[in-house]
Amino acid sequence: MNIKKKGFNIALDGLSGVGKSSIGCQVAKRLNFTFIDSGLFYRYIADRFYLDDTIQLNEIHLFKNKMIGSPSYYLQEIEFYLQEKTPQEELQIGQKASEISKVPEIRNIINEIIQTITKNGGYVVVGRDATIKILPNARVKLVLEADFEMRLYRRVKQLNAEEFVAKVFSDLLKRDVDSFDLVLEAKKVATIINTSNLSIKQVVARILSRISWVKYSDNNILHFIIFILFVFVYTLRAHFLEKIESN
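The sequence shown: position 154 = 154 (UniProt numbering), numbered continuously.
Structure, rendered in structure tokens:
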């Protein structure tokens, strides 16, 4: 599927382990959109600017300015930086990221970065508050959900952390508690897709169908408006000619 006009964004929400990143990345590739995982921002900031239990806000603000100035470069930098981490380091970074995610100023900074670089559309953004806080005006809003057991399995596989299942379990449970209210709100404004018994390919297909329907609806509305204008102009012209003939 190739969409030439990229005047809209797609927001994917959901609890940890539902497959937001894997699915969002595939959707972005199919649409030739840019993919953003807001969770990477929190993990990057947690590892780089949260040292000795001290949040270096000045450094985070500098990072924000650099990110907005060169988004493509820094998106690659963040992804590359985090790929170098071991499973245990990933778990530790994830725990620190959960802590700093509760700081309103940091959430506002990350939201501002993403909102600024996505203002012209053409982005797939995933995150636990993507639909209500990060991109409230996204054209397509989706919440992915799955059974806890399936999410635990996926999370362990994602981190390659079979030997740390107990830690992944407790971390996932904590994330669920922290995210529950946000995801509940997201479900009120988004389409829900249960991914428990679906492959990534099947979920991506459902999302692409949803996007095609949205575009089809938009085109129908445009055609309807054009039709109304045509009828109006035609009626006005007929009325004008009738008036001339009567005179």
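Ideal Cβ placement from N, Cα and C applies to all residues, glycine included.
Taking the alpha-carbon positions, what's the residue i to residue j distance?
i: L159; j: G69; result: 31 Å
i: F49; j: T86; result: 19 Å
i: F41; j: T118; result: 15 Å
i: L135; j: E163; result: 37 Å
i: V126; j: G39; result: 8 Å
i: I211; j: V143; result: 14 Å
i: I100; j: D129; result: 15 Å
i: S199; j: Y153; result: 14 Å
i: K64; j: E89; result: 24 Å
i: Q92; j: I192; result: 30 Å
Check each candidate in the options and name the one with the smallest Cα separation from residue i.
i: P104; options: S199, V126, K133 and F63; result: K133
i: S179; options: I60, T54, Y74 and V18; result: V18
i: N120; options: N108, N137 and I109; result: N137
i: L172; options: I207, D181, I106 and Q95; result: Q95
i: A97; options: K174, A190, I192 and H61; result: K174
i: N108; options: I192, V165, Q202 and L57; result: L57
Among residues of its own chain, excluding the 5 on either side of residue i, which ones have a beta-carbon nearer than 7 Å to its beta-carbon?
i: F35; result: G24, C25, A28 and V124
Which same chain residues, not among the five before or five after residue i, have their C-beta less than 6 Å away from its C-beta?
i: F8; result: G121 and R139
Any 3 or more C-beta pairs closer than 8 Å across the segment 52 to 71 and the segment 108 to 115: Touching, yes.
How about the segment 144 to 151 and the segment 30 to 37: do they share at least three Cβ pairs that are nearer than 8 Å? Taking a contact to require three or more Cβ pairs closer than 8 Å, the segment 144 to 151 and the segment 30 to 37 do not qualify as touching.
Is it a yes or a no for the segment 180 to 188 touching the segment 46 to 60, going by three-plus beta-carbon pairs under 8 Å? Segments in contact, no.
Can you list, in chain order, the stretches of the alpha helix (DSSP H) that have 4 or more residues and sit fully within the segment 151 to 227? 165 to 187, all fully within the segment 151 to 227.
Can you list the beta strand (DSSP E) stretches of 3 or more residues lying completely in the segment 117 to 149, in chain order? Scanning the segment 117 to 149 for uninterrupted beta strand (DSSP E) segments of 3 residues or longer gives 123 to 126 and 140 to 145, listed from N- to C-terminal end.
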